[in-house]
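**Student:** 72 is the number that this note's numbering gives to position 12 of the sequence shown; each next residue is one higher, with no gaps.
All C-beta atoms in this analysis are idealised placements derived from N, C-alpha and C, irrespective of residue type, glycine included.
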Amino acid sequence: MALALGLMSGTSCDGISSALVDFRPRVMRVVGCRTVAYPEPLAQLLRRSRTLTVPHAAQLNILLGEWFAQAALRLLRSTRTPARRVAVIGSHGHTVYHGPR
Numbered sequence: 061m062a063l064a065l066g067l068m069s070g071t072s073c074d075g076i077s078s079a080l081v082d083f084r085p086r087v088m089r090v091v092g093c094r095t096v097a098y099p100e101p102l103a104q105l106l107r108r109s110r111t112l113t114v115p116h117a118a119q120l121n122i123l124l125g126e127w128f129a130q131a132a133l134r135l136l137r138s139t140r141t142p143a144r145r146v147a148v149i150g151s152h153g154h155t156v157y158h159g160p161r
């Protein structure tokens with residue numbers, strides 16, 4: 061058994077979605093998933109992220125990292141999964157811009 065925890069945050073700026081998946085040979089099972097909503101001040105800051113100065117973007121990066129950690133910990137608590145059982149965590153960070161063609 062290998063547990064993987066995935067995190068993502070998109071251009072809607074509504075929160076961080078997380079999923080915990082159990083991978084076994086030929087089988088995978090979703091153990092749990094949830095979304096942690098952003099407080100409105102953080103959501104507003106994320107919506108303005110493309111126009112931030114470098115120092116402000118660096119501060120946002122730290123704040124966002126803390127929220128991603130909280131989202132992961134909340135998912136683990138809700139599934140009663142010890143962190144030591146997670147083999148890998150995957151996250152691309154926050155999607156600032158999405159321009160499909």
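Report the residue from 106, 93, 113, 89 whose alpha carbon sits nearest the alpha carbon of residue 72.
**Tutor:** The option with the nearest alpha carbon to residue 72 is 106.
**Student:** Please report the Cβ distance between residue 157 and residue 108, rounded to the nearest whole angstrom; I am assuming they are in contact, meaning their Cβ atoms lie under 8 Å.
**Tutor:** Not really, about 12 Å apart at Cβ, beyond 8 Å.
**Student:** Hey, could you find the ends of the alpha helix (DSSP H) residue 114 is sitting in?
**Tutor:** 114 to 138 is the span of the alpha helix (DSSP H), which, as asked, contains residue 114.
**Student:** Please return the same chain residues whose Cβ sits closer than 8 Å to the Cβ of residue 88, not counting the five positions on each side in sequence.
**Tutor:** So the list reads 81, 82, once near-sequence residues are dropped.
**Student:** Residue range of the alpha helix (DSSP H) that residue 107 falls in?
**Tutor:** Residues 100 to 107.
**Student:** Please classify residue 95: does DSSP put it in a helix, a strand, or coil?
**Tutor:** Residue 95 falls in the strand class under three-state DSSP.
**Student:** Identify the continuous beta strand (DSSP E) that holds residue 82 and give its terminal residues.
**Tutor:** Run containing residue 82: 75 to 84, per the beta strand (DSSP E) assignment.
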